[in-house]
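Counting along the sequence shown from 1, when you hit position 107 you're at 303 in our numbering, and nothing is skipped either side.
Encoded as structure tokens, the structure appears first; notes follow it.
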Amino acid sequence: MYKKIVILVITLIIIFCSGGWYMHKSQQQMAILVISDSENDLDYPNKRKWFDASRWLSTSQYIKIDDFYLLNLKYHPVDNVNDAGIIVILHFAIRDAIKKFPELLKLSQMDNKDFFHFMQNKLSN
């Protein structure tokens, strides 16, 4: 009888600890919506893609609003988002992201002048 109680207590401790670990890890998870591959998919038309956001959430700069949004507490407003410097940095970031996001290929192939004119007045604060 004593042995059964000990086994039950150990099992309950393991279950509670694993549940606590899962809850802690899920606090560090965030999602983005991507288009489903198939119309027959249960998540059609949008599918959640989960990723580990602990890199941002471990700092005091960001607060998780929900599964999709972070709040940046140290936000520095940009006076003019149509500034050439910002658009060029955006263009470099798009070029660096081609491996992860092949749908940005056409934007990355534009020269800087065409990209600047294309993005003019399309960015907002």
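We treat Cβ as the ideally placed atom computed from N, Cα and C, and that holds for glycine.
What residues in its chain sit with their C-beta under 6 Å from that of residue i, if we drop five residues either side in the sequence?
| i | result |
| --- | --- |
| Leu229 | Asn242 |
Verify whether the separation of the beta carbon atoms of residue i and residue j is less than 8 Å.
| i | j | result |
| --- | --- | --- |
| Ile294 | Leu286 | no |
| Leu266 | Trp252 | yes |
| Asn278 | Gln316 | yes |
| Val284 | Asn268 | no |
| Ser264 | Met306 | Looking at the sequence shown, residue 264 is not Ser but Phe. Going by C-beta atoms, Phe264 is not nearer than 8 Å to Met306. |
| Ser232 | Tyr240 | yes |
To the nearest whole angstrom, what separates the beta carbons of residue i and residue j, a pair I think is in contact under 8 Å?
| i | j | result |
| --- | --- | --- |
| Phe311 | Leu303 | 7 Å |
Which residue from the options puts its Cα closest to that of residue i?
| i | options | result |
| --- | --- | --- |
| Ile261 | Gln224, Asp279, Tyr240 | Gln224 |
| Ala280 | Phe314, Ser254, His272, Phe297 | Phe314 |
Is it buried or exposed, residue i, if we count other Cβ atoms within 10 angstroms and call 16 or more buried?
| i | result |
| --- | --- |
| Met197 | exposed |
| Leu211 | Correcting the residue type first, residue 211 is Ile in the shown sequence and not Leu. Its Cβ having fewer than 16 others within 10 Å, Ile211 is exposed. |
| Ile259 | exposed |
| Gln206 | The sequence shown places Ile at residue 206, not Gln. So Ile206 counts as exposed. |
In its own chain, which residues sit with a C-beta less than 7 Å from the C-beta of residue i, not counting the 5 before and 5 after it?
| i | result |
| --- | --- |
| Glu235 | none |
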